[in-house]
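1434 is the number that my numbering gives the last residue of the sequence shown; the numbers go up by one with no jumps.
Positions of the beta carbon are idealized from the N, C-alpha and C atoms, including for glycine.
Computed from a prediction, not measured in an experiment: that's the story for all the values here.
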Amino acid sequence: MSLPDFVSQLDALVSEAEQSFADAQSAEQLEAARIEFLGAKAGRLKAVQKLLGSVAAGDKPAAGKRLNEVKSAIESAFQAASERLENVVEEVCDETFDATLPGTSWTTGRIHPITQTILLLKDIMGRLGFTPVEGPEIEDSWHNFDALNVPTIHPARDPLDNFYLASAQLWGNGSSGGADMLRSQTSTVQIRTMQQRQPPLRIISLGRVYRPDTADETHYPMFHQMEGLMVDRGVTMSDLKTVLRLFATAYLGNSVPVRFRPSFFPFTEPSVEVDYYWNGRWVEFGGAGMVDPNVFQAVGYDPEQVTGFAFGLGVERLCMIRHGIRDIRDLYTNDVRFLAQF
Ligand code: FA5
């Protein structure tokens, strides 16, 4: 091939390449043009380069020099085009990004309203000096009944009112042990704590309890209770009333009226039902009373030395009243549309 032919092919190539790079409107188009002209195997520059071998030996130095110039020119044109496209991308971003627009909402998991309530109750009672303690959900009837002064023939032990476990011995025998069951009240934790610690005590226990109650608007077969226990020298009923009144005010808002109705629990004497006045009506939250001396004796405390009060409140009822939930079953249906409101 003659030198002029070789040079004219190179010149045509460089102007075509510059035009293609300049025309590219996107990174994809530019990359396609790069492969066409600068591709290592089948690029058009490579093809012209192969013709160098057919140029006369005396013309080779001039042809090679021109080839290198053209190669640099094409590479520079490619570089310029890719910088141009990068700037375009940045400009587009700058125009469309508005830092003042509201963010996009991000759906995340939430803490269940019952767990939220438990955390709040722990916080309020913690400020009143009550420390949380734990106890097992599978209990023996000694802790669930006997130690709590529930007589062996008391109807509260009825198999129809409790979830005894298979192979359970249905009626407690007064010994430590007895039938295994799902605990029906958190009062069991009072017993376990008093067995392990000496007074003074100021504890709360928050957890699940189980009763074969038919589910309706205010009952569920599994629910939560908050048990409170204070034992010391000289604890009186007025301490109990003060704590429950302070608790109600902290949980529900300013000056919630509290009503104590005479009641009966085997483990407290005297015993009361606790009602809070809320939205124009009295709502029952739980039971309470002064710890019965028989309970102190069962755990080895001297009832001549110490007195105490205990209370057990329904956590679901507390949660429902605070959030205006009308049906306890909504808490356990696991409908995300309902749960997402809390
Ligand atoms: C007791 O369970 C006693 N252990 C409370 C107690 C503790 C009294 C310490 C004295 C001293 P009661 O069975 O009333 O009491 O239950 C207490 C509260 O649990 C009720 O007021 C109610 O708020 C809640 N509750 C009872 N049954 C259910 C149920 N099936 N579903 C939801 N909440 C319930």
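Cβ distance (whole Å) where residue i is taken to contact residue j below 8 Å
i     : j     : result
F1377 : V1364 : Actually they are not in contact, since the Cβ atoms of F1377 and V1364 sit about 11 Å apart, beyond 8 Å.
V1242 : P1358 : 5 Å
M1382 : M1329 : 6 Å
T1278 : V1301 : 6 Å
F1222 : G1320 : 6 Å
Own chain, CB closer than 6 Å to residue i, minus 5 neighbours either side, in chain order
i     : result
H1311 : D1305
G1266 : Confidence is the limiting factor: at G1266 the pLDDT is only 42, short of 50, which leaves the residue's position unreliable and the question unanswerable from this model.
M1093 : L1143, S1146, V1147
Contacts around residue i, its chain only, beta-carbon distance under 7 Å, and the 5 residues preceding and following it disregarded
i     : result
D1422 : F1430
M1412 : I1420
L1137 : L1105, F1129, L1130, K1163, I1166
Cα-Cα separation between residue i and residue j, rounded to whole angstroms
i     : j     : result
V1323 : D1238 : 20 Å
L1262 : S1197 : Residue placement at L1262 is poorly supported in this model, since its pLDDT is 49, which falls under 50; the coordinates still yield a value, given next. Approximately 54 Å between the Cα atoms of the pair.
I1417 : D1215 : 22 Å
Y1343 : L1211 : 12 Å
R1303 : R1275 : 8 Å
A1165 : S1146 : 23 Å
P1153 : Q1111 : 28 Å
S1355 : V1366 : 10 Å
K1157 : A1173 : 25 Å
G1404 : T1280 : 11 Å
Contact test: residue i Cβ vs ligand 1 heavy atom, cutoff 7 Å
i     : result
I1420 : yes
H1311 : yes
R1414 : no
S1279 : yes
R1249 : no
G1227 : no
T1188 : no
E1408 : yes
Y1253 : Position check: residue 1253 holds Asp in this sequence, whereas Tyr was assumed. Every heavy atom of ligand 1 is 7 Å or more from the Cβ of D1253, so no.
S1060 : Nothing can be reported for residue 1060, as the shown portion of the chain is limited to 1093 through 1434.
T1360 : yes
Nonlocal neighbours in the same chain, by C-beta distance under 8 Å from residue i, ignoring five residues either side
i     : result
T1341 : S1347, V1348
L1213 : I1296, L1298, M1318, Y1343, V1407, L1410
F1339 : I1216, M1217, L1220
R1414 : T1209, Y1343, L1344
D1427 : none
Residue closest to residue i, alpha-carbon to alpha-carbon, out of the options
i     : options                    : result
A1169 : D1331, R1126, T1188        : R1126
D1419 : D1308, A1119, S1233, M1093 : D1308
R1373 : G1392, V1350, Q1389        : V1350
F1098 : L1293, S1118, V1140        : V1140
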